[in-house]
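Protein chains: 2
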Amino acid sequence: MRLTTKGRYAVTAMLDLAIHSEIKPVTLTEIATRQTISLSYLEQLFSRLRRADMVVGVRGPGGGYKLGRAAIEINVSDIILAVDEQVDLTNCEQKGTCQEGEVCLTHDLWMGLSDVVRNYLDGITLADILENEVVKTVVARQSGSQVVKFKGSTIGMAIK
Amino acid sequence: MRLTTKGRYAVTAMLDLAIHSEIKPVTLTEIATRQTISLSYLEQLFSRLRRADMVVGVRGPGGGYKLGRAAIEINVSDIILAVDEQVDLTNCEQKGTCQEGEVCLTHDLWMGLSDVVRNYLDGITLADILENEVVKTVVARQSGSQVVKFKGSTIGMAIK
DNA sequence: AGATTAACCTAGTAAAATAGTCAACTATTA
DNA sequence: TAATAGTTGACTATTTTACTAGGTTAATCT
Numbered sequence: 024m025r026l027t028t029k030g031r032y033a034v035t036a037m038l039d040l041a042i043h044s045e046i047k048p049v050t051l052t053e054i055a056t057r058q059t060i061s062l063s064y065l066e067q068l069f070s071r072l073r074r075a076d077m078v079v080g081v082r083g084p085g086g087g088y089k090l091g092r093a094a095i096e097i098n099v100s101d102i103i104l105a106v107d108e109q110v111d112l113t114n115c116e117q118k119g120t121c122q123e124g125e126v127c128l129t130h131d132l133w134m135g136l137s138d139v140v141r142n143y144l145d146g147i148t149l150a151d152i153l154e155n156e157v158v159k160t161v162v163a164r165q166s167g168s169q170v171v172k173f174k175g176s177t178i179g180m181a182i183k
Numbered sequence: 024m025r026l027t028t029k030g031r032y033a034v035t036a037m038l039d040l041a042i043h044s045e046i047k048p049v050t051l052t053e054i055a056t057r058q059t060i061s062l063s064y065l066e067q068l069f070s071r072l073r074r075a076d077m078v079v080g081v082r083g084p085g086g087g088y089k090l091g092r093a094a095i096e097i098n099v100s101d102i103i104l105a106v107d108e109q110v111d112l113t114n115c116e117q118k119g120t121c122q123e124g125e126v127c128l129t130h131d132l133w134m135g136l137s138d139v140v141r142n143y144l145d146g147i148t149l150a151d152i153l154e155n156e157v158v159k160t161v162v163a164r165q166s167g168s169q170v171v172k173f174k175g176s177t178i179g180m181a182i183k
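Heads up: the protein sequence lines correspond to chains A and B, in order.
All you need for this note's numbering is the position in the first sequence, starting with 1, plus 23.
All you need for this note's numbering is the position in the second sequence, starting with 1, plus 23.
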């Protein structure tokens, strides 16, 4: 399957955006710092996310990115597709030409698996993930460490 | 995820074995021809499958490989694990150390997906696949072309 | 016994994909 | 107009995959 760091980074970045972009746009630099992702790589990913209308770029000072639509309207499957990772486990792009132009022995097996994965990812929105208890803890941690990092050794208050 | 041609080849080869090894052991050369897989690559895969007791090697003339246990007792998940493809979509081998030693925002999401995939593959045995109608057609086709290839232009009778 | 067959094993390699980097450019706004 | 931040394309290092080449070992047949 095509599901690697690229897709994981994309989903993580979109989540970061969902969390922090309510007040003002979020810069890629912030996301890069908070999520430990290379800035240049994020640029590449967001170029695709923008073309897929998943995010909106705001230029100039105070700019950054915002979600293209509400968090509840964005599912994980969309994000992964946008950065060009196909959720397809077959070797023939579902065409049935896996063995010298004909269907191979395991074609249906991989088709079935692709469906299972797609259904799972289709059913989960950014909003769903944010409700998760573990995620809330992580958000708190990242907010805290952000304050420490940028402002020195003050005790950080978690940013909502 | 780690699911590429390697895992697909392994499952395909095991299926070929399930179909043809009832009467006598099947040589890798036969599988290579029928399934269009490189012989040397098959050797590598079978080295792992043998160590995992999925197959039994029989040396000498008339030798080849047989299934290590009944087709109904071998599931797809086992095969893929045997050739060293982990069914794990996280970036931390499920350890929760995805972001600088701590849990990342999307950890639970990928854990969940890994479970979904594993459950699907766990629930399917070689015997299940062989019952599939499409597979029966493919088997008939491959039996036919095998006869043509090895014996000239006779009309091949499908081997059960 | 010797030839043959086929598993078994080790090492290496070419191509592809992944995961980035770098540098130049454009639009916006203070 | 200077600073900010997005936008784009080309380029590179690393890793994995898929495959090749060459051999050794064990069983069988003549």
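C-beta atoms are modelled at their ideal positions from N, C-alpha and C, and glycine is treated no differently.
These numbers were taken from a predicted model, which means no experiment stands behind them.
Open item on the list: Can you look up B/V106 in the DSSP assignment and give me helix, strand or coil?
Closed with: coil
Task: Coil, strand or helix - A/L112 by DSSP - done: coil
Task: Residue burial classification, B/T59 (beta-carbon count within 10 angstroms, cutoff 16) - done: exposed
Task: Residue of A/P48, A/D151, A/I152, A/M134 minimising C-alpha distance to B/L144 - done: A/M134
Open item on the list: Which residues in chain B have a C-beta closer than 8 Å to the C-beta of A/T28? List them in chain order.
Closed with: N114
Open item on the list: Assuming B/G65 and B/A36 are in contact, meaning their beta carbons sit under 8 Å apart, how far apart are those beta carbons, in whole angstroms?
Closed with: Residue identity check: residue 65 of chain B is Leu in the sequence provided, not Gly. Yes, they are in contact, since the Cβ atoms of B/L65 and B/A36 sit about 6 Å apart, within 8 Å.
- [ ] May I ask which residues mark the beginning and end of the alpha helix (DSSP H) holding B/K29?
- [x] 28-43
Open item on the list: If you reduce the DSSP assignment to three classes, tell me which class A/Q122 lands in.
Closed with: strand
TODO: Would you mind sorting A/D76 into buried or exposed? The rule is 16 or more other CB atoms within 10 Å of its CB.
DONE: exposed
Open item on the list: Quick check on DSSP: helix, strand or coil for A/N142?
Closed with: helix
- [ ] Just the C-alpha distance for B/G85 and B/R164, rounded to the nearest angstrom, thanks.
- [x] 25 Å
- [ ] Could you tell me whether any Cβ in chain B is nearer than 8 Å to the Cβ of A/V126?
- [x] yes
Open item on the list: Does the CB of A/T59 have a neighbour CB from chain B at under 8 Å?
Closed with: yes
Task: Interface flag, A/T129 vs chain B, CB-CB below 8 Å - done: yes
Open item on the list: Just to confirm my understanding: we take A/I102, look at its own chain, exclude 5 residues before and 5 after, and list those with CB closer than 7 Å. What are they?
Closed with: A33, V34, M37, M77
Task: Paired residues, beta bridge with A/Y88 - DSSP - done: A/V49, A/G80
Task: First and last residue of the uninterrupted alpha helix (DSSP H) at B/A93 - done: Neither: B/A93 is in no alpha helix (DSSP H) and is coded neither H nor E.
Task: A/N98 at chain B interface by Cβ criterion, 8 Å - done: no
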